[in-house]
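Following the working numbering, the numbering of the sequence shown begins with 1290 at its first residue and continues without gaps. We put the beta carbon where it would ideally sit given N, CA and C, even for glycine. Model, not experiment: these values are computed from the prediction. Before any comments, here is the structure.
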Amino acid sequence: MTGVLRSAESADVATGQGRPRRAVVVWAVVGVLWLVVCGRALAGWVTSPEFSPAPVLGPDTLPGHSLVALRVLEVLSVTVLAICAWFLVVKPWRRGRLGLDAFLMLGGVFGFVADASLNLYTYLFAWNAHSVNLGVWGRWMPFHHPGAATRYAEALLWGLPMYVYFCAGLGYVGVRAAVALRRRFPHVSTASLLALLGVGDFVFDLVVENVIIRTTDAYAFARTQGGLTLWAGSQYQFPLYESVAVAFVSLAFTAVRLSAVDAPDGLSFIERGAEHLPRVLRLPARALAGVGFCAVVLVMLYHLPFNWLGITGDSMAHLPSYMLPG
């Protein structure tokens, strides 16, 4: 009997069973590192003379209807952010069930800091200086090129909310859709579900972003790959890889939430091993894991591909002066 038990224990070790998996620690460490990056960038920005609204350059003027639409976008974005915070953070917290949705939303908020990486080397993503802003912290981001623009209007009221509702928000909706589809088609595979949801995310982003940029002039894609761009050369040129990247980001958030739905203990793959930590560390570790996961997903699936394709792009947008860096 002893020999049998030892053989079983050896098999457990060989397969990784019986050994605590602490993926949550790895993701939490990434989260801590990202918070250090965020802290350094934001501290440098806030304490510098560049912590002020970007200049609105002339001679072009923003049409009145576009300015109204821009303000509506800002109000709607803040409203959606507040709704997400209520349903994903406040209500679960009041019930004592603070979980993955709250951590992913927190990750989206800190993930917004990575937005300044869009123009690390050259001006690829153009901002409307009429947006509510206090400049940008790009100069203090890692790998920022000394010659890259640092005086443009990183939008605060619509930019940050987008990192919540295009990430944690779409992930939440994606899981709801996945659960519904599983009930309707019980034999469908997870891969097929994610592929279908990815197509939906692509179409959603393609429509929503084009409506925003054409009605509000909130932003534009200054330099893109012409062969992969709709309306190339115009102010409203739109690179298709933008929607592809957003779809992959949304799918990553859907996948991590789906892994929690499928797990017997309700923990996602980034939270594995939290139960082996001291009780006082479990919630902070899971929250930091959410921040680390968001940072990796956003940088690897969106910002790096966007920069790689953009800096070699050959399609230059014809931009009004109020969308140029100061």
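- Judged by DSSP secondary structure, W1382 falls within the alpha helix (DSSP H) whose first and last residues are K1380 to R1383.
- Within the region 1326-1396, no run of beta strand (DSSP E) reaches 3 residues while sitting entirely inside it.
- Bridge pairing for N1422: A1444 [DSSP].
- Scanning A1521, E1531, T1336 and V1318 for the CA closest to the CA of V1496 turns up E1531.
- DSSP places F1537 in the uninterrupted alpha helix (DSSP H) bounded by L1529 to D1551.
- The residues L1540, in chain order, have a CB closer than 6 Å to that of L1483 in the same chain once the five nearest residues on each side in sequence are set aside.
- Listed in chain order, the non-local C-beta contacts of L1608 below 8 Å within the same chain comprise A1415, A1509, A1511 and Q1524, local neighbours out to five positions each way being set aside.
- F1414 sits in a strand when the DSSP states are folded into three classes.
- The criterion of a C-beta distance shorter than 7 Å is satisfied by A1578 and V1313.
- For F1510, the enclosing beta strand (DSSP E) covers residues Y1508 to F1510.
- Within the same chain, Cβ atoms closer than 8 Å to the Cβ of G1562 are found at P1309, R1310, R1311, A1312, V1313 and V1314, the five residues on either side in sequence being excluded.
- When DSSP states are grouped into helix, strand and coil, S1406 belongs to the helix group.
- Annotated three-state conformation of T1479 is helix, per DSSP.
- Looking at the DSSP output, S1604 bridges to T1513.
- Between S1341 and the set H1419, L1393 and S1366, the nearest pair of CA atoms involves H1419.
- Secondary structure note for V1462: its alpha helix (DSSP H) is the uninterrupted segment A1457 to R1473.
- L1413 is positioned such that its CB atom lies closer than 7 Å to that of G1599.
- In this structure the region 1447-1463 touches the region 1360-1378; the number of beta carbon pairs closer than 8 Å is three or more.
- Counting along the chain, the unbroken alpha helix (DSSP H) around G1581 starts and ends at R1568 to L1587.
- Within the DSSP secondary-structure output, T1518 pairs in a beta bridge with P1528.
- Secondary structure at D1494: helix, using DSSP grouped into helix, strand and coil.
- Y1441 sits close to P1614, with the two beta carbons spaced by under 7 Å.
- A contact between stretches requires three or more CB pairs, one per stretch, nearer than 8 Å, and the region 1386-1405 meets this requirement with the region 1452-1468.
- The residue from K1380, D1349 and F1401 with its alpha-carbon nearest to that of G1328 is F1401.
- Taking the C-beta atoms as reference points, T1518 is found no nearer than 7 Å to S1610.
- Between L1556 and G1333, the alpha-carbon positions lie close to 37 Å from each other.
- In this structure, the beta-carbon distance from V1580 to G1347 does not fall below 7 Å.
- When the beta-carbon positions are compared, G1427 and A1405 come within less than 7 Å of each other.
- Cβ-Cβ separation between G1397 and A1480: approximately 25 Å, too far for a contact (criterion under 8 Å).
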